[in-house]
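Undergrad:
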Ligand SMILES: [Zn+2]
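In the numbering used here, the protein residues as written are 10 to 248.
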């Protein structure tokens, strides 16, 4: 097993093509010119590459796009090669790069999930309730916050753009309104008489969601009165 120091200096097998696509001619520099774009393809996708664009391995199930930040060239690589050989932007060591890549993968997956929800939200008259329940939770994960309330004002157009999959000004006002309603008043998008399986959450308040989860086994009347208490507590900013 090569050590981290080896990987930083000696070009691994398969590096020649990536060096050729880089600006630097030395591997130690070339491997630092690439970033993960956030685009991932799964096997079965029509665009899926035949093999990893680094080592040539054909038996990969997902391919991730990397881009050279100096010349804009792109390549599709398997995750193993990205983790073993590239030092993604902004960090010094291979280990930090691996951690960064994991974070970026999660973030990209969250972004895709948000885009999928946005698509259903805009194309279906009554979107699945699960989508509406997941929306604040995914947004909280994306922005790494526990509740959306403090960032709603500052990031409102970012949030809309994220869910709509493009800048909000690229969409009709009705689309923007619909996403706004999905986040702030999800029940208004459901058919008349719809009863959500659980109480809608307080704009992605994870803590209260978990608390409520553990109370499913309590009696109906106790749960109902507790929900009232939860609602009051959630509206209390000091809580
Ligand atoms: Zn590879």
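Idealized CB from N, CA, C, for every residue including glycine. Remember, it's a predicted structure, so these values are computed and weren't measured experimentally.
Assuming residue 197 is part of the alpha helix (DSSP H), what are its boundary residues?
TA: Where residue 197 is concerned, there is no enclosing alpha helix (DSSP H), given that its DSSP letter is neither H nor E.
Undergrad: Per DSSP, what kind of secondary structure is residue 110 in: helix, strand or coil?
TA: In the structure shown, residue 110 sits in a helix (DSSP, three-state: H, G or I).
Undergrad: Could you check what DSSP says for residue 175 in three-state terms: helix, strand or coil?
TA: Residue state, collapsed to three classes: coil.
Undergrad: Quick check: what's the CA-CA separation for residue 20 versus residue 36?
TA: Near 5 Å, if we compare the C-alpha coordinates of residue 36 and residue 20.
Undergrad: Is residue 63 a contact residue of ligand 1, with contact defined as CB to any heavy atom under 7 Å?
TA: Yes.
Undergrad: In this structure, how does DSSP classify residue 82 when only helix, strand and coil are distinguished?
TA: Here residue 82 sits in coil by DSSP.
Undergrad: Less than 7 Å between the CB of residue 89 and some heavy atom of ligand 1, yes or no?
TA: Yes.
Undergrad: The alpha helix (DSSP H) that contains residue 147, what's its start and end?
TA: Residues 138-152.
Undergrad: Apart from the five residues just before and just after residue 249, which ones in its own chain have a Cβ nearer than 6 Å to its Cβ?
TA: Summary: the structure shown does not reach residue 249, with the chain confined to residues 10 through 248, and so no result is reported for it.
Undergrad: Among the candidates 45, 178 and 79, whose CA atom is the shortest distance from the CA of residue 115?
TA: Cα-wise, what sits closest to residue 115 is 45.
Undergrad: Note down the Cα distance separating residue 153 from residue 166, rounded to an integer number of angstroms.
TA: Taking the straight line from one Cα to the other gives about 17 Å.
Undergrad: For ligand 1, I want to know if residue 66 counts as a neighbour, meaning its beta carbon is within less than 7 Å of at least one of the ligand's heavy atoms.
TA: It does: the Cβ of residue 66 is within 7 Å (strictly closer) of some heavy atom of ligand 1.
Undergrad: Find the nearest neighbour of residue 87 within the set 60, 106, 160 and 104, judged by alpha-carbon distance.
TA: Checked all of 60, 106, 160 and 104; the closest Cα to residue 87 is 60.
Undergrad: Assign residue 184 to one of three DSSP states: helix, strand, or coil.
TA: Correct three-state label for residue 184: helix.
Undergrad: Work out the CA separation of residue 56 and residue 105 for me, nearest whole Å.
TA: The straight-line gap from Cα to Cα measures roughly 30 Å.
Undergrad: So, for residue 71: in the same chain, excluding its five sequence neighbours on each side, which residues have a beta-carbon less than 8 Å away from its beta-carbon?
TA: Taken in chain order, the residues that qualify are 49, 50, 51, 52, 87 and 88.
Undergrad: By Cβ distance below 6 Å, which residues in the same chain neighbour residue 127 in space, the five residues on each side in sequence not counted?
TA: Closer than 6 Å at the Cβ level, and outside the excluded window around residue 127, lie 172, 173 and 174.
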